[in-house]
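2 protein chains.
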Amino acid sequence: MPGPSEELLDVVVGLLVEHGFEGISIRRVAASAGVSIGAVQHHFPTKDALLAAAMARVDDQVGAQLLRSAQAASSPAGALRAVAAGLVPLEPAERGAGVVWLVQVARAAVHEPTATAYRASWQRVEEALARLLGAARPDLGPGAVLDRAAALLALLDGLATARVAEPGRMPPSRARRLLDHHLDALLAP
Amino acid sequence: MPGPSEELLDVVVGLLVEHGFEGISIRRVAASAGVSIGAVQHHFPTKDALLAAAMARVDDQVGAQLLRSAQAASSPAGALRAVAAGLVPLEPAERGAGVVWLVQVARAAVHEPTATAYRASWQRVEEALARLLGAARPDLGPGAVLDRAAALLALLDGLATARVAEPGRMPPSRARRLLDHHLDALLAP
DNA sequence: CCCCGGACCATACGATCGTATGGTTGGCTT
DNA sequence: AAGCCAACCATACGATCGTATGGTCCGGGG
Chain A
57 MPGPSEELLD VVVGLLVEHG FEGISIRRVA ASAGVSIGAV QHHFPTKDAL
107 LAAAMARVDD QVGAQLLRSA QAASSPAGAL RAVAAGLVPL EPAERGAGVV
157 WLVQVARAAV HEPTATAYRA SWQRVEEALA RLLGAARPDL GPGAVLDRAA
207 ALLALLDGLA TARVAEPGRM PPSRARRLLD HHLDALLAP
Chain B
57 MPGPSEELLD VVVGLLVEHG FEGISIRRVA ASAGVSIGAV QHHFPTKDAL
107 LAAAMARVDD QVGAQLLRSA QAASSPAGAL RAVAAGLVPL EPAERGAGVV
157 WLVQVARAAV HEPTATAYRA SWQRVEEALA RLLGAARPDL GPGAVLDRAA
207 ALLALLDGLA TARVAEPGRM PPSRARRLLD HHLDALLAP
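Residue numbers (my numbering), protein chains in the order written: chain A, 57 to 245; chain B, 57 to 245.
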């Protein structure tokens, strides 16, 4: 059961998905959560702290979800496929997570504190992908594994971007097909 | 020679690169351009019109640049390579265009007018890539051409995102290597 | 029983925002 | 010379912003 702070963060995430960073204000968060301005201030001293906590929360949730799906797989190749699929908002219900990722990475381009957090998170993602790919393709050298993991991550980011911003051009079926095609070629001996 | 409106738009783009959409206000644009608030209002009636015009301007500039580099190539494969390289901010000097693209696509996720303009633009980009790829690989069926063009565009978007938000993890040399590797495999018979 | 600290609220302050209004140039046309 | 129009400016209005301040409520430990 989430505490009151977590409920506030979920409200922030909801507003972030709907209106982006520009649409977020302490007053709106308070109103949307049904509390007063002071309540928000009580849990998070400044707006920056509130936004940072909200982004850290979704980061943790996504990371935990990826870890779970990877551990549920029976082979490194299966785990790689699961993690890759988890990084692209294929279903419309996953669009929220994709929007949060997109507005966060755009903020990282112009806001240094956001950038440091994002870089650390995505560095870990690339390393995880490389680890799984190295286990699934023991014939590849370590340099090739790193580069192909980075290329895979770039494709995943691009698919996520298209899914979020252009769902018409990139419907779920197409995203899935492009992802599977790339993974098939990547995992072929 | 750019008129006063274009100078204002260039100022907007500069602020966009430095601070994103959140850092843009009529007053800041006016101050940064060395004119009054009323001057900005005279050329663009509202803030939305100003932002839309600024994004349309960079869109036109990028499109013209891509068209030029494609026409300068001597083969469809060369044109494809040129267009692909032009869509990724490889050099640090091109980072500005990448930042504008990233903040624009993030805004498209939460702002419908931005989304419609972005979708139209990127739809044209995918079609151009597919046309060049179809000419370079006549052995491919039209469906395969479309899908591989979309996968290439996703990779380019992901590389651009990483170049802008994580220049440490994705230095120019690595982005170029990943791009060339993908294009080599794509253009191989 | 007291009281104390965390959770929450009401309100206020100064700053900044987008936009509206009306006036002032300065060059060009007729 | 007269007038017109685009370009530009100074200022003002109401709204919203982030944050600070001081109070109220209430459940658990002394």
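The beta carbon of each residue, even a glycine, is placed where N, CA and C say it ideally should be.
Query                                                                                                                                                                                        : Result
From the DSSP output, in three-state form, read off phenylalanine 77 of chain B for me.                                                                                                      : helix
Quick check: arginine 219 of chain A and glycine 142 of chain A, are their CB atoms within less than 8 Å of each other?                                                                      : no
Taking 8 Å as the CB-CB cut-off, is glutamine 179 of chain A touching chain B?                                                                                                               : yes
Quick check: the Cα distance between histidine 238 of chain B and aspartate 115 of chain A, rounded to an integer number of angstroms?                                                       : 29 Å
Go ahead and pull the three-state DSSP assignment for glutamate 183 of chain A.                                                                                                              : helix
Give a yes or no on whether 8 Å exceeds the smallest Cβ distance from threonine 172 of chain B to chain A.                                                                                   : no
How many angstroms separate the CA atom of glutamate 183 of chain A from the CA atom of alanine 105 of chain A?                                                                              : 28 Å
Work out the CA separation of alanine 216 of chain A and alanine 162 of chain B for me, nearest whole Å.                                                                                     : 11 Å
Kindly say whether leucine 136 of chain B, judged by its beta-carbon, lies nearer than 8 Å to any beta-carbon of chain A.                                                                    : no
Where histidine 167 of chain B and histidine 75 of chain A are concerned, what is the direct C-alpha to C-alpha distance, given to the nearest angstrom?                                     : 7 Å
Where does methionine 226 of chain A sit, in a helix, a strand or coil, going by DSSP?                                                                                                       : coil
In three-state DSSP terms, what is proline 194 of chain A?                                                                                                                                   : coil
Note down the Cα distance separating arginine 233 of chain A from leucine 212 of chain B, rounded to an integer number of angstroms.                                                         : 18 Å
Return the chain-ordered list of same chain residues with a C-beta closer than 8 Å to the C-beta of serine 88 of chain A, the five sequence neighbours on each side being excluded.          : Val67, Gly70 and Leu71
Quick one, which of B:Leu123, B:Ala109 and B:Ser61 has its alpha-carbon nearest histidine 99 of chain B's?                                                                                   : B:Ser61
For alanine 162 of chain B, which three-state DSSP category applies?                                                                                                                         : helix
Determine, using beta carbons only, whether aspartate 195 of chain A comes closer than 8 Å to chain B.                                                                                       : no
Enumerate in chain order the residues of its own chain whose CB-to-CB distance from alanine 110 of chain B is below 6 Å, with the five nearest sequence positions on each side excluded.     : Leu65, Val68 and Val69
How is the alpha helix (DSSP H) around proline 132 of chain B delimited, first residue to last?                                                                                              : 132-142
Please compile the residues from chain A whose C-beta is within a distance smaller than 8 Å of the C-beta of threonine 217 of chain B.                                                       : Val161, Ala210, Asp213, Gly214 and Thr217
Would you kindly work out how many angstroms separate the C-alpha atoms of methionine 226 of chain A and arginine 83 of chain B, rounded to a whole number?                                  : 39 Å
Is it the case that the stretch 199-212 of chain B contacts the stretch 171-183 of chain B, given that we only count it when at least three CB pairs across the two stretches are under 8 Å? : yes
Are the C-beta of leucine 242 of chain B and some C-beta of chain A separated by less than 8 Å?                                                                                              : no
Flag this pair as yes or no: are the beta carbons of alanine 171 of chain B and alanine 221 of chain A separated by less than 8 Å?                                                           : yes
What did DSSP end up calling threonine 217 of chain B once you bin it into helix, strand or coil?                                                                                            : helix
Would you mind working out which of A:Ala108, A:Ala165 and A:Gly224 sits nearest arginine 175 of chain B, comparing C-alpha positions?                                                       : A:Gly224
So, does the CB of valine 114 of chain B fall closer than 8 Å to a CB anywhere in chain A?                                                                                                   : no
Who are the Cβ neighbours of alanine 128 of chain B in its own chain at under 6 Å, not counting the five residues just before and after it?                                                  : none
Can you pull the chain A neighbours of glutamate 78 of chain B, defined as C-beta to C-beta under 7 Å?                                                                                       : Phe77 and Glu78
Measuring CA to CA, which of A:Ala135, A:Val159, A:Ala120 and A:Ser131 is closest to leucine 107 of chain A?                                                                                 : A:Val159
Which parts of the stretch 84-127 of chain B are runs of the beta strand (DSSP E), unbroken and 3 residues or longer, counting only runs that do not cross its ends?                         : none
Within 10 angstroms of its Cβ, does glycine 214 of chain A collect 16 or more other Cβ (buried), or is it exposed?                                                                           : buried
Please list the residues of the stretch 74-107 of chain B that have a C-beta atom closer than 9 Å to any C-beta atom in chain A, keeping them in chain order.                                : Glu74, His75, Gly76, Phe77, Glu78 and Gly79
In angstroms, rounded to a whole number, what distance separates the CA positions of alanine 138 of chain A and arginine 230 of chain A?                                                     : 17 Å
Buried or exposed: which applies to proline 58 of chain B, given that a residue is buried once 16 or more other Cβ atoms fall within 10 Å of its Cβ?                                         : exposed
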